[in-house]
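Take a look at the structure below.
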Amino acid sequence: FGSRNSNSGCKGICGGEAMALGKAQLLEKLSQLGIVHETISHALSPTCEIHSENIKGTSFEKYIGKGQAKNLFFKVPSGGGPLKNRLFLVCALVETAIDNKVLSERLGIKQSAPLRFAADELFTDVLQIPKGSVNPFVMAQSSCDEVVLLLDEQFLHCEALLFHPMQSDFTTALAPAQLSEFLQQVAPGRFQYVDLSTTAKISLPDLSKVQEATKSKGKAPKAAPTGNVHGFCDDTLPEALKGLSAPIIVDPVGKLNAAGRLEGHSTHNFFVHDKKDKEKRMLVTVAQNSLLDMKAIPGLVGCKEVRLCSEGDTLLGSTKGCVTPISLFYDRSKKVQWFVDGSLLADSSACWRLGTSGDGPNPGTVANVPLATLAELLAPTGHWNSKKVLDCSAWAVAATAVISQPPTSVSEAEPDFSTWYQPPYQTVMGRVL
(Lines of atoms letter the chains of each structure in order from A and count residues from 1; the text may use other names and numbers.)
(Lines give C-alpha, C1' and ligand atoms only; values in the text may rest on other atoms or scores of the structure.)
Protein backbone atom coordinates (compact mmCIF):
# COMPACT_ATOMS: atom_id res chain seq x y z
CA PHE A 1 0.00 0.00 0.00
CA GLY A 2 1.32 3.46 -0.74
CA SER A 3 4.45 3.66 -2.88
CA ARG A 4 6.83 0.78 -3.38
CA ASN A 5 10.45 0.43 -4.36
CA SER A 6 10.14 -3.23 -5.31
CA ASN A 7 7.56 -5.93 -5.94
CA SER A 8 8.25 -7.56 -2.58
CA GLY A 9 7.20 -4.87 -0.14
CA CYS A 10 5.62 -1.44 0.28
CA LYS A 11 7.87 1.16 1.83
CA GLY A 12 7.35 4.72 3.01
CA ILE A 13 6.28 6.74 6.01
CA CYS A 14 3.41 9.03 6.78
CA GLY A 15 5.25 12.18 7.67
CA GLY A 16 4.22 15.74 8.28
CA GLU A 17 5.09 17.20 4.89
CA ALA A 18 2.77 19.87 3.59
CA MET A 19 0.56 18.54 0.82
CA ALA A 20 -1.28 20.53 -1.84
CA LEU A 21 -4.31 18.27 -1.43
CA GLY A 22 -4.96 17.00 2.08
CA LYS A 23 -7.33 14.30 3.27
CA ALA A 24 -10.16 16.65 4.15
CA GLN A 25 -9.90 18.48 0.84
CA LEU A 26 -9.79 15.22 -1.10
CA LEU A 27 -12.87 13.75 0.60
CA GLU A 28 -14.71 17.00 0.04
CA LYS A 29 -13.73 16.96 -3.63
CA LEU A 30 -14.92 13.37 -4.02
CA SER A 31 -18.28 14.35 -2.56
CA GLN A 32 -18.56 17.45 -4.71
CA LEU A 33 -17.95 15.37 -7.83
CA GLY A 34 -20.61 12.86 -6.80
CA ILE A 35 -18.10 10.05 -6.28
CA VAL A 36 -19.48 7.29 -4.06
CA HIS A 37 -16.87 6.32 -1.48
CA GLU A 38 -16.35 5.22 2.12
CA THR A 39 -13.43 6.08 4.39
CA ILE A 40 -12.29 4.53 7.66
CA SER A 41 -9.47 5.37 10.05
CA HIS A 42 -6.90 2.98 11.49
CA ALA A 43 -3.33 2.91 12.73
CA LEU A 44 -0.55 4.18 10.47
CA SER A 45 -0.10 1.73 7.60
CA PRO A 46 2.98 2.58 5.54
CA THR A 47 3.29 -0.95 4.08
CA CYS A 48 0.89 -3.42 2.51
CA GLU A 49 1.47 -5.98 5.24
CA ILE A 50 0.77 -3.53 8.05
CA HIS A 51 -2.27 -2.21 6.23
CA SER A 52 -3.73 -5.72 5.97
CA GLU A 53 -3.35 -6.20 9.70
CA ASN A 54 -4.83 -2.81 10.53
CA ILE A 55 -8.04 -3.24 8.54
CA LYS A 56 -8.86 -6.66 9.97
CA GLY A 57 -12.08 -6.48 11.93
CA THR A 58 -13.34 -3.55 9.84
CA SER A 59 -15.82 -3.44 6.97
CA PHE A 60 -12.82 -3.39 4.61
CA GLU A 61 -11.38 -6.72 5.76
CA LYS A 62 -13.13 -8.53 2.91
CA TYR A 63 -11.00 -6.57 0.43
CA ILE A 64 -7.66 -7.81 1.76
CA GLY A 65 -5.91 -9.32 -1.24
CA LYS A 66 -8.86 -8.36 -3.44
CA GLY A 67 -8.52 -4.63 -3.90
CA GLN A 68 -5.40 -3.39 -2.15
CA ALA A 69 -3.05 -1.43 -4.37
CA LYS A 70 0.62 -0.67 -4.71
CA ASN A 71 1.89 2.50 -6.33
CA LEU A 72 5.18 2.91 -8.18
CA PHE A 73 6.47 6.32 -9.27
CA PHE A 74 8.89 6.19 -12.21
CA LYS A 75 10.93 8.63 -14.24
CA VAL A 76 12.39 8.01 -17.69
CA PRO A 77 16.16 8.69 -17.67
CA SER A 78 17.55 11.39 -19.95
CA GLY A 79 18.93 8.65 -22.21
CA GLY A 80 15.57 6.92 -22.53
CA GLY A 81 14.71 8.25 -25.97
CA PRO A 82 11.67 10.32 -27.01
CA LEU A 83 10.07 9.86 -23.58
CA LYS A 84 13.11 11.11 -21.69
CA ASN A 85 12.33 12.75 -18.32
CA ARG A 86 8.65 11.74 -18.50
CA LEU A 87 6.98 10.74 -15.23
CA PHE A 88 4.76 7.68 -14.77
CA LEU A 89 2.70 6.65 -11.77
CA VAL A 90 1.78 2.97 -11.92
CA CYS A 91 -1.04 1.77 -9.66
CA ALA A 92 -1.65 -1.96 -9.53
CA LEU A 93 -3.04 -4.71 -7.34
CA VAL A 94 -0.53 -5.84 -4.74
CA GLU A 95 -0.48 -9.28 -6.38
CA THR A 96 0.39 -7.95 -9.85
CA ALA A 97 4.05 -8.36 -10.80
CA ILE A 98 5.63 -5.32 -12.45
CA ASP A 99 8.93 -5.56 -14.29
CA ASN A 100 10.26 -2.08 -15.04
CA LYS A 101 12.33 -3.35 -17.96
CA VAL A 102 9.36 -5.07 -19.61
CA LEU A 103 7.19 -2.01 -18.98
CA SER A 104 9.91 0.21 -20.46
CA GLU A 105 10.04 -1.83 -23.64
CA ARG A 106 6.25 -1.70 -23.95
CA LEU A 107 6.35 2.09 -23.63
CA GLY A 108 9.08 2.42 -26.27
CA ILE A 109 11.80 3.46 -23.83
CA LYS A 110 15.36 2.51 -24.71
CA GLN A 111 16.41 -0.69 -22.97
CA SER A 112 19.76 0.87 -22.16
CA ALA A 113 17.96 3.44 -19.98
CA PRO A 114 14.79 1.81 -18.59
CA LEU A 115 12.35 3.32 -16.14
CA ARG A 116 13.83 4.19 -12.76
CA PHE A 117 12.17 4.94 -9.45
CA ALA A 118 11.68 8.67 -9.05
CA ALA A 119 13.95 10.58 -6.70
CA ASP A 120 12.68 11.64 -3.29
CA GLU A 121 12.41 15.29 -4.29
CA LEU A 122 9.89 14.37 -7.01
CA PHE A 123 7.58 12.91 -4.39
CA THR A 124 7.76 16.26 -2.60
CA ASP A 125 7.66 18.57 -5.61
CA VAL A 126 5.32 16.66 -7.94
CA LEU A 127 3.17 14.18 -6.01
CA GLN A 128 3.41 16.37 -2.89
CA ILE A 129 2.84 13.39 -0.65
CA PRO A 130 4.91 11.03 1.56
CA LYS A 131 5.93 7.75 -0.09
CA GLY A 132 3.78 5.53 2.11
CA SER A 133 0.61 7.38 1.18
CA VAL A 134 0.84 7.57 -2.63
CA ASN A 135 -2.44 7.03 -4.45
CA PRO A 136 -4.10 7.87 -7.80
CA PHE A 137 -5.99 10.78 -6.19
CA VAL A 138 -2.81 12.87 -6.50
CA MET A 139 -3.69 13.35 -10.17
CA ALA A 140 -6.13 16.05 -9.06
CA GLN A 141 -3.18 18.30 -8.19
CA SER A 142 -1.85 20.76 -10.77
CA SER A 143 1.69 19.67 -9.87
CA CYS A 144 0.88 16.32 -11.51
CA ASP A 145 -0.19 17.76 -14.86
CA GLU A 146 2.75 16.09 -16.59
CA VAL A 147 2.34 12.72 -14.88
CA VAL A 148 0.78 9.81 -16.80
CA LEU A 149 -1.14 7.35 -14.63
CA LEU A 150 -1.11 3.69 -15.67
CA LEU A 151 -3.75 1.60 -13.90
CA ASP A 152 -3.80 -2.18 -13.58
CA GLU A 153 -6.55 -3.56 -15.80
CA GLN A 154 -7.25 -6.08 -13.04
CA PHE A 155 -8.72 -3.21 -11.01
CA LEU A 156 -11.80 -3.53 -13.20
CA HIS A 157 -12.45 -7.03 -11.85
CA CYS A 158 -12.59 -5.85 -8.22
CA GLU A 159 -15.68 -5.02 -6.21
CA ALA A 160 -13.86 -2.13 -4.56
CA LEU A 161 -10.39 -0.59 -4.54
CA LEU A 162 -8.56 0.63 -1.44
CA PHE A 163 -6.33 3.70 -1.37
CA HIS A 164 -4.95 6.00 1.29
CA PRO A 165 -6.72 9.38 1.06
CA MET A 166 -3.42 11.32 1.19
CA GLN A 167 -2.32 9.88 4.55
CA SER A 168 -1.70 6.31 5.62
CA ASP A 169 -3.83 6.22 8.76
CA PHE A 170 -7.01 6.33 6.67
CA THR A 171 -8.31 4.14 3.83
CA THR A 172 -10.87 5.07 1.20
CA ALA A 173 -12.81 2.41 -0.70
CA LEU A 174 -14.55 3.03 -3.99
CA ALA A 175 -15.71 1.01 -6.98
CA PRO A 176 -13.50 0.90 -10.10
CA ALA A 177 -16.14 2.84 -12.04
CA GLN A 178 -16.04 5.56 -9.42
CA LEU A 179 -12.25 5.82 -9.65
CA SER A 180 -12.53 6.14 -13.43
CA GLU A 181 -15.18 8.83 -13.09
CA PHE A 182 -13.02 10.79 -10.65
CA LEU A 183 -9.97 10.61 -12.91
CA GLN A 184 -12.02 11.52 -15.97
CA GLN A 185 -13.05 14.70 -14.22
CA VAL A 186 -9.67 15.71 -12.73
CA ALA A 187 -7.16 14.23 -15.18
CA PRO A 188 -8.86 13.63 -18.55
CA GLY A 189 -6.52 12.07 -21.10
CA ARG A 190 -3.77 11.47 -18.55
CA PHE A 191 -4.69 8.00 -17.31
CA GLN A 192 -5.36 4.63 -18.87
CA TYR A 193 -5.91 1.01 -17.86
CA VAL A 194 -3.19 -1.41 -18.94
CA ASP A 195 -2.96 -5.20 -18.96
CA LEU A 196 0.29 -5.56 -17.03
CA SER A 197 0.51 -9.30 -17.72
CA THR A 198 1.34 -8.91 -21.42
CA THR A 199 4.21 -7.52 -23.49
CA ALA A 200 2.05 -5.66 -26.02
CA LYS A 201 3.03 -2.11 -26.91
CA ILE A 202 1.34 0.66 -24.92
CA SER A 203 0.13 3.72 -26.83
CA LEU A 204 0.36 6.84 -24.70
CA PRO A 205 -1.74 10.00 -24.92
CA ASP A 206 -0.10 13.11 -26.37
CA LEU A 207 0.30 15.19 -23.22
CA SER A 208 0.86 18.41 -25.14
CA LYS A 209 -2.51 18.05 -26.87
CA VAL A 210 -4.21 17.07 -23.62
CA GLN A 211 -2.76 20.09 -21.83
CA GLU A 212 -3.66 22.40 -24.70
CA ALA A 213 -7.24 21.15 -24.68
CA THR A 214 -7.42 21.53 -20.90
CA LYS A 215 -6.12 25.10 -21.07
CA SER A 216 -8.55 25.99 -23.83
CA LYS A 217 -11.38 24.55 -21.83
CA GLY A 218 -10.42 26.72 -18.87
CA LYS A 219 -10.25 30.00 -20.78
CA ALA A 220 -13.99 30.57 -20.76
CA PRO A 221 -16.98 28.81 -19.22
CA LYS A 222 -18.46 26.26 -21.56
CA ALA A 223 -21.99 27.14 -22.52
CA ALA A 224 -24.69 24.74 -21.48
CA PRO A 225 -25.84 22.60 -24.39
CA THR A 226 -28.93 23.84 -26.15
CA GLY A 227 -29.51 20.65 -28.09
CA ASN A 228 -29.16 16.97 -27.32
CA VAL A 229 -25.71 15.70 -26.32
CA HIS A 230 -24.73 12.18 -27.33
CA GLY A 231 -21.62 10.03 -27.45
CA PHE A 232 -22.08 8.42 -30.87
CA CYS A 233 -19.78 8.79 -33.87
CA ASP A 234 -22.45 10.58 -35.93
CA ASP A 235 -26.15 11.51 -35.93
CA THR A 236 -27.31 8.40 -37.78
CA LEU A 237 -28.37 6.50 -34.65
CA PRO A 238 -29.87 9.54 -32.87
CA GLU A 239 -31.92 10.29 -35.99
CA ALA A 240 -33.03 6.65 -36.24
CA LEU A 241 -34.14 6.75 -32.59
CA LYS A 242 -36.02 9.98 -33.20
CA GLY A 243 -37.76 8.41 -36.19
CA LEU A 244 -38.86 5.51 -33.98
CA SER A 245 -40.31 7.91 -31.37
CA ALA A 246 -37.46 7.24 -28.92
CA PRO A 247 -35.54 10.55 -29.06
CA ILE A 248 -32.49 11.33 -26.94
CA ILE A 249 -33.48 13.34 -23.87
CA VAL A 250 -31.83 14.69 -20.73
CA ASP A 251 -31.20 12.10 -18.02
CA PRO A 252 -33.97 12.80 -15.45
CA VAL A 253 -31.87 11.36 -12.60
CA GLY A 254 -28.29 12.16 -13.54
CA LYS A 255 -26.43 10.63 -10.61
CA LEU A 256 -24.72 7.40 -9.59
CA ASN A 257 -25.92 4.78 -7.15
CA ALA A 258 -23.81 3.05 -4.48
CA ALA A 259 -22.54 0.55 -7.06
CA GLY A 260 -21.20 3.34 -9.24
CA ARG A 261 -23.88 2.89 -11.89
CA LEU A 262 -26.27 5.56 -13.16
CA GLU A 263 -29.55 5.52 -11.30
CA GLY A 264 -32.71 4.93 -13.28
CA HIS A 265 -31.00 3.18 -16.20
CA SER A 266 -32.26 -0.26 -17.16
CA THR A 267 -29.05 -2.01 -18.18
CA HIS A 268 -25.38 -2.40 -17.34
CA ASN A 269 -23.16 -3.42 -20.24
CA PHE A 270 -19.82 -5.18 -20.54
CA PHE A 271 -18.03 -4.93 -23.91
CA VAL A 272 -15.42 -7.69 -23.77
CA HIS A 273 -13.35 -10.05 -25.86
CA ASP A 274 -12.00 -13.54 -25.33
CA LYS A 275 -8.51 -13.20 -23.85
CA LYS A 276 -7.17 -15.88 -26.21
CA ASP A 277 -9.09 -14.69 -29.27
CA LYS A 278 -9.52 -10.91 -29.54
CA GLU A 279 -11.68 -11.40 -32.62
CA LYS A 280 -14.32 -12.97 -30.40
CA ARG A 281 -16.04 -9.83 -29.14
CA MET A 282 -19.12 -9.80 -26.96
CA LEU A 283 -21.55 -7.25 -25.58
CA VAL A 284 -23.03 -8.60 -22.35
CA THR A 285 -26.14 -6.75 -21.20
CA VAL A 286 -27.53 -7.33 -17.70
CA ALA A 287 -30.06 -5.58 -15.51
CA GLN A 288 -28.72 -2.35 -14.01
CA ASN A 289 -29.11 -3.63 -10.46
CA SER A 290 -27.57 -7.03 -11.19
CA LEU A 291 -24.65 -8.11 -9.03
CA LEU A 292 -22.98 -9.81 -11.97
CA ASP A 293 -19.38 -8.70 -12.55
CA MET A 294 -16.50 -9.43 -14.94
CA LYS A 295 -15.51 -12.57 -13.07
CA ALA A 296 -18.86 -14.22 -13.83
CA ILE A 297 -18.90 -13.47 -17.55
CA PRO A 298 -16.54 -16.24 -18.81
CA GLY A 299 -18.77 -18.97 -17.39
CA LEU A 300 -21.84 -17.48 -19.04
CA VAL A 301 -20.42 -16.88 -22.51
CA GLY A 302 -18.24 -19.97 -22.82
CA CYS A 303 -14.76 -18.44 -22.46
CA LYS A 304 -11.99 -19.25 -20.03
CA GLU A 305 -11.21 -15.57 -19.49
CA VAL A 306 -12.31 -12.24 -20.94
CA ARG A 307 -10.87 -8.75 -21.14
CA LEU A 308 -12.53 -5.38 -21.68
CA CYS A 309 -12.61 -4.48 -25.37
CA SER A 310 -11.34 -1.02 -26.32
CA GLU A 311 -12.94 -0.96 -29.79
CA GLY A 312 -16.24 0.59 -28.77
CA ASP A 313 -15.61 3.72 -30.81
CA THR A 314 -14.53 1.89 -33.97
CA LEU A 315 -16.86 -1.12 -33.97
CA LEU A 316 -19.90 0.24 -32.15
CA GLY A 317 -19.58 3.92 -32.95
CA SER A 318 -19.85 4.76 -29.27
CA THR A 319 -17.54 6.56 -26.90
CA LYS A 320 -16.54 5.18 -23.50
CA GLY A 321 -19.53 5.08 -21.17
CA CYS A 322 -21.97 5.06 -24.09
CA VAL A 323 -21.91 1.40 -25.16
CA THR A 324 -25.38 -0.15 -24.81
CA PRO A 325 -27.51 -2.49 -26.96
CA ILE A 326 -28.45 0.36 -29.31
CA SER A 327 -24.73 0.70 -30.14
CA LEU A 328 -25.09 -2.56 -32.09
CA PHE A 329 -26.86 -0.42 -34.69
CA TYR A 330 -23.38 0.47 -35.98
CA ASP A 331 -22.09 -3.12 -36.12
CA ARG A 332 -23.22 -3.83 -39.66
CA SER A 333 -20.56 -6.49 -40.19
CA LYS A 334 -21.64 -8.38 -37.06
CA LYS A 335 -18.25 -8.56 -35.40
CA VAL A 336 -19.90 -8.45 -31.98
CA GLN A 337 -22.09 -11.16 -30.43
CA TRP A 338 -24.82 -9.86 -28.14
CA PHE A 339 -25.61 -11.67 -24.88
CA VAL A 340 -28.57 -10.39 -22.86
CA ASP A 341 -29.96 -11.09 -19.39
CA GLY A 342 -33.21 -13.01 -19.86
CA SER A 343 -34.93 -11.06 -17.10
CA LEU A 344 -34.75 -7.94 -19.27
CA LEU A 345 -36.78 -9.70 -21.98
CA ALA A 346 -39.41 -11.21 -19.69
CA ASP A 347 -41.85 -8.34 -20.21
CA SER A 348 -42.35 -7.70 -23.92
CA SER A 349 -43.96 -4.34 -23.14
CA ALA A 350 -40.93 -3.14 -21.16
CA CYS A 351 -39.18 0.11 -21.98
CA TRP A 352 -35.43 0.32 -21.42
CA ARG A 353 -33.72 3.53 -20.37
CA LEU A 354 -30.32 3.47 -22.08
CA GLY A 355 -27.46 5.92 -21.69
CA THR A 356 -26.57 7.91 -24.80
CA SER A 357 -23.80 10.20 -23.52
CA GLY A 358 -20.19 9.20 -22.98
CA ASP A 359 -18.13 9.98 -19.89
CA GLY A 360 -18.11 13.69 -19.21
CA PRO A 361 -21.00 15.50 -20.94
CA ASN A 362 -23.24 17.48 -18.61
CA PRO A 363 -26.16 17.11 -18.60
CA GLY A 364 -26.10 13.38 -19.35
CA THR A 365 -28.61 12.03 -21.83
CA VAL A 366 -30.66 8.87 -22.31
CA ALA A 367 -33.16 7.28 -24.69
CA ASN A 368 -36.28 5.46 -23.48
CA VAL A 369 -36.49 2.53 -25.89
CA PRO A 370 -39.40 0.04 -25.83
CA LEU A 371 -38.37 -3.56 -26.58
CA ALA A 372 -40.42 -3.56 -29.76
CA THR A 373 -38.55 -0.45 -30.91
CA LEU A 374 -35.19 -2.01 -30.04
CA ALA A 375 -36.10 -5.08 -32.09
CA GLU A 376 -36.96 -2.85 -35.05
CA LEU A 377 -33.74 -0.85 -34.65
CA LEU A 378 -31.50 -3.93 -34.55
CA ALA A 379 -33.33 -6.02 -37.14
CA PRO A 380 -31.27 -4.72 -40.12
CA THR A 381 -27.97 -5.74 -38.46
CA GLY A 382 -29.32 -9.15 -37.41
CA HIS A 383 -28.38 -8.66 -33.77
CA TRP A 384 -31.93 -8.94 -32.46
CA ASN A 385 -32.48 -12.36 -34.01
CA SER A 386 -28.98 -13.63 -33.20
CA LYS A 387 -28.94 -12.51 -29.55
CA LYS A 388 -28.10 -15.15 -26.96
CA VAL A 389 -30.20 -15.08 -23.79
CA LEU A 390 -28.47 -15.61 -20.44
CA ASP A 391 -29.83 -16.83 -17.15
CA CYS A 392 -28.51 -14.24 -14.70
CA SER A 393 -30.97 -15.00 -11.91
CA ALA A 394 -28.11 -15.95 -9.57
CA TRP A 395 -26.99 -12.30 -9.56
CA ALA A 396 -30.42 -10.65 -9.50
CA VAL A 397 -31.37 -8.48 -6.52
CA ALA A 398 -34.50 -6.56 -7.51
CA ALA A 399 -36.78 -5.60 -10.37
CA THR A 400 -35.48 -3.47 -13.21
CA ALA A 401 -36.16 0.25 -12.98
CA VAL A 402 -39.60 1.25 -14.22
CA ILE A 403 -39.81 4.44 -16.23
CA SER A 404 -42.69 6.64 -15.18
CA GLN A 405 -41.42 10.12 -15.96
CA PRO A 406 -42.32 11.71 -19.30
CA PRO A 407 -39.46 12.61 -21.67
CA THR A 408 -37.75 15.87 -20.81
CA SER A 409 -35.78 17.92 -23.29
CA VAL A 410 -32.25 19.08 -22.50
CA SER A 411 -33.35 22.70 -22.58
CA GLU A 412 -36.20 22.14 -20.10
CA ALA A 413 -34.30 20.72 -17.15
CA GLU A 414 -30.87 20.24 -15.63
CA PRO A 415 -29.77 18.09 -12.67
CA ASP A 416 -30.46 19.74 -9.31
CA PHE A 417 -27.15 19.16 -7.54
CA SER A 418 -28.50 20.66 -4.31
CA THR A 419 -30.53 17.50 -3.78
CA TRP A 420 -27.51 15.21 -3.94
CA TYR A 421 -26.37 13.63 -0.70
CA GLN A 422 -23.93 15.81 1.18
CA PRO A 423 -21.56 15.19 4.13
CA PRO A 424 -21.42 14.16 6.89
CA TYR A 425 -21.26 10.49 5.93
CA GLN A 426 -21.59 7.57 8.32
CA THR A 427 -19.70 4.37 7.59
CA VAL A 428 -21.10 0.90 8.26
CA MET A 429 -18.93 0.86 11.38
CA GLY A 430 -20.78 3.91 12.69
CA ARG A 431 -17.96 6.40 12.08
CA VAL A 432 -19.07 9.88 11.06
CA LEU A 433 -16.85 11.53 8.41
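Under this note's numbering, the residues of the sequence shown are numbered 145 to 577, in order. A virtual CB, placed ideally from N, CA and C, is assigned to each residue, including glycine.
Item	Value
contact_flag[the segment 291 to 307, the segment 203 to 216] where n(CB pairs < 8 Å) is 3 or more	yes
Alpha-carbon to alpha-carbon, Ala390 and Glu383	9 Å
Simplified DSSP state of Arg476, which is helix, strand or coil	coil
Beta-carbon contacts of Leu597 that lie in its chain and below 6 Å, excluding the five residues immediately before and after	Not covered by the structure: residue 597. The range shown for the chain is 145 to 577.
Cβ-based neighbour list, Leu306, same chain, cut-off 6 Å, excluding 5 preceding and 5 following	Tyr207, Gly211, Gln212, Thr315, Ala317
Whole-angstrom distance between Lys448 and Pro111, CA atom to CA atom	Residue 111 cannot be examined here, being either before or after the span of the chain that is shown, 145 to 577.
Buried or exposed (CB count within 10 angstroms, at least 16 for buried), Pro226	exposed
Environment of Gly387 [buried if 16+ CB atoms lie within 10 Å]	exposed
Pick from Asp485, Ser462, Phe473, Ile194 that is closest to Ser410, judged by C-alpha positions	Asp485
Burial state of Val274 (16 or more Cβ within 10 Å)	It is Pro, not Val, that sits at residue 274 in the sequence shown. Looking at its Cβ environment, which holds 16 or more other Cβ atoms inside 10 Å, Pro274 is buried.
Buried/exposed call for Arg230, threshold 16 Cβ in 10 Å	buried
Residue(s) in a DSSP beta bridge with Asp418	Val450
Classification of Gly408 by the beta-carbon crowding that lies within 10 angstroms, buried from 16 upward	buried
Same chain, Cβ closer than 7 Å to Gly502, five either side skipped, listed in chain order	Gly375, Thr463, Lys464, Gly465, Cys466
Cβ pair count under 8 Å reaching 3, the segment 525 to 536 against the segment 469 to 484	yes
Cβ shell of Trp539 (< 6 Å), same chain only, five flanking positions each side left out	Ser434, Leu435, Leu436
Helix, strand or coil at Pro442 [DSSP, three-state]	helix
Proximity to Arg250 [Cα-Cα], best of Ala440, Gln432, Asp339	Asp339
Residue from Lys419, Thr517, Glu455, Pro396 whose Cα sits closest to the Cα of Met438	Lys419
Beta strand (DSSP E) segment containing Glu182, residue limits	182 to 185
Nearest-angstrom Cβ-Cβ length linking Leu488 and Thr525, presumed shorter than 8 Å	Their Cβ separation, rounded to whole angstroms, is 19 Å, which puts Leu488 and Thr525 out of contact at 8 Å.
First and last residue of the uninterrupted beta strand (DSSP E) at Arg230	Run containing Arg230: none; DSSP gives neither H nor E here.
Beta-carbon contacts of Asn279 that lie in its chain and below 6 Å, excluding the five residues immediately before and after	Phe307, His308
Span of the alpha helix (DSSP H) around Leu385	380 to 387
Lys478 versus Ser471 - alpha carbon distance	12 Å
Rounded straight-line distance, which links the Cα of Ala494 to that of Ala516	9 Å
DSSP-derived helix/strand/coil call for Asn506	With a pLDDT of 48 at Asn506, under the threshold of 50, the predicted position of this residue should be treated as unreliable, and no value is reported.
Identity of the residue in Ala344, Ser287, Thr268, Val282 nearest Ser248 by Cα	Ala344
Complete runs of the alpha helix (DSSP H) confined to the segment 307 to 344 [at least 4 residues]	320 to 330
For Cys192, the first and last residue of its enclosing beta strand (DSSP E)	Not the beta strand (DSSP E): Cys192 falls in the alpha helix (DSSP H), residues 192 to 198.
Distance between beta carbons of Arg425 and Leu459, contact taken as under 8 Å	7 Å
Among Glu193, Glu197, Gly276, nearest to Glu239 - alpha-carbon criterion	Glu193
Cut-off 8 Å between Cβ atoms - residues of its own chain near Ala164, not counting five sequence neighbours on either side	Gln272, Gln285, Ser286, Ser287
As assigned by DSSP and simplified to three states, the class of Cys235	strand
Residue from Lys167, Arg451, Phe326 with nearest C-alpha to Lys422	Arg451
Ala263 to Leu518 span [Cα, whole Å]	56 Å
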